[in-house]
Structures are given as structure tokens and as C-alpha cells.
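Chemist: Can you read through this structure? Questions will come right after.
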Amino acid sequence: MITITEFQKIGVGLTGFGLFFLLFGVLLYFDSVLLAFGNILFLAGLAFIIGLRRTAYFFFQRQKLRGSVFFLGGVALVLLRWPVIGMAMESYGFVLLFKSFFPVVFGFLGSLVNIPFLNTTQSSTEGK
């Protein structure tokens with residue numbers, strides 16, 4: 023079983039709240055205060071989960087430098103109260119940074135079909 027430290031638990035909470043505030047800020051027509059708070063919580067949560075050194079290493083790898091510039095530049099623009107342009111840059115940077123994780127996520131979501139309830143639901147919709 024995987025052991026999770028208290029710092030990692032705090033990090034998961036901070037990241038979750040950060041994503042919530044980001045979503046809520048977008049739903050409220052790009053409210054810059056909510057977006058800025060969400061960005062700060064997300065980055066702090068990431069640092070708590072994997073540590074400061076590994077977070078810095080993740081963002082400043084040579085092959086991920088372009089994504090990091092767009093992501094952190096978008097965060098800076100949101101903090102400077104240009105939320106629409108900042109979120110566009112941040113989204114593009116997020117895709118560039120985490121594109122290697124997308125196959126893993128899609129594979130996991132595809133394995134959810136093996137749940138009996140979802141499998142019968144999918145089978146019944148395919149026949150129609």
C-alpha cells in the first residue's frame with residue numbers, strides 16, 4: 023500500500039481547492055481574484071505533493087521549458103489582472119507540460135468501462 027505523508031495530504035487538498043477556484047473563476051466570467059487564488063493554491067499544492075526541488079525540476083526541464091514559460095507566464099498575467107489572455111496562455115502551457123500524462127489518464131478512463139454497471143450501460147447504448 024502507498025503511504026502518503028501529511029504534507030502530501032495537505033498538497034492534495036490545496037491542489038483540489040486550487041482547481042475548484044480556477045473552475046469557479048472561469049464560470050464567473052474570468053474573475054481575476056478567484057483565478058489568481060486558484061493558481062496560487064494549485065502551485066502550492068503541487069509543491070507540497072512532490073516537493074519544492076522536484077517541482078522546480080519538473081517546470082525547468084529542457085524539453086518542457088516552452089510549456090513552463092507559457093504556463094507560468096499565464097499565471098503572471100492572471101496575477102496582473104489580465105485573466106482572459108492569462109488563462110489562454112496557461113491552458114496552452116498546461117497542455118504542453120502534461121501531454122505525456124494524457125495517454126495514462128485516457129487509459130485509466132478507458133478501464134472504467136470494465137465496471138459492471140458502466141459496461142452494461144455502454145453495451146445497451148451501442149445496440150441502439
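Residue 23 is where the sequence shown starts when you use my numbering, and the numbers rise one by one after that. All C-beta atoms, glycine included, are put in the ideal place defined by N, C-alpha and C.
1. Which term fits glycine 67, buried or exposed, when burial requires 16 or more other beta carbons within 10 angstroms of its beta carbon?
2. Could you please give the first and the last residue of the uninterrupted alpha helix (DSSP H) stretch that includes lysine 86?
3. Tell me the residue span of the alpha helix (DSSP H) that contains isoleucine 71.
4. Near glycine 40, which residues of its chain fall below 6 Å by C-beta distance, leaving aside the five closest residues on each side in sequence?
5. With three or more beta-carbon pairs closer than 8 Å as the criterion, would you say the segment 79–90 touches the segment 49–58?
6. With distances taken between CB atoms, is the gap from isoleucine 71 to glycine 33 smaller than 7 Å?
7. Can you grab the Cα-Cα spacing for the pair leucine 131 / glycine 38, in whole Å?
Modeler: So, to answer that:
1. Your numbering for residue 67 matches position 45 in the sequence shown. Buried, by the Cβ-count rule.
2. Numbered from its first residue, the sequence shown carries residue 86 at position 64. First-last for lysine 86: undefined, no H or E at that position.
3. Mapped onto the sequence shown, residue 71 falls at position 49. Where isoleucine 71 is concerned, the enclosing alpha helix (DSSP H) stretches over 54–72.
4. Counted from its first residue, the sequence shown places residue 40 at position 18. The answer, listed in chain order, is Gly60, Leu63, Phe64, Gly67.
5. no
6. Sequence index remark: in the sequence shown, residue 71 carries index 49 (1-based). Sequence index remark: in the sequence shown, residue 33 carries index 11 (1-based). Cβ atoms of isoleucine 71 and glycine 33: closer than 7 Å.
7. Position 109 of the sequence shown, counting from 1, holds the residue named residue 131. Position 16 of the sequence shown, counting from 1, holds the residue named residue 38. C-alpha separation (whole angstroms): 19 Å.
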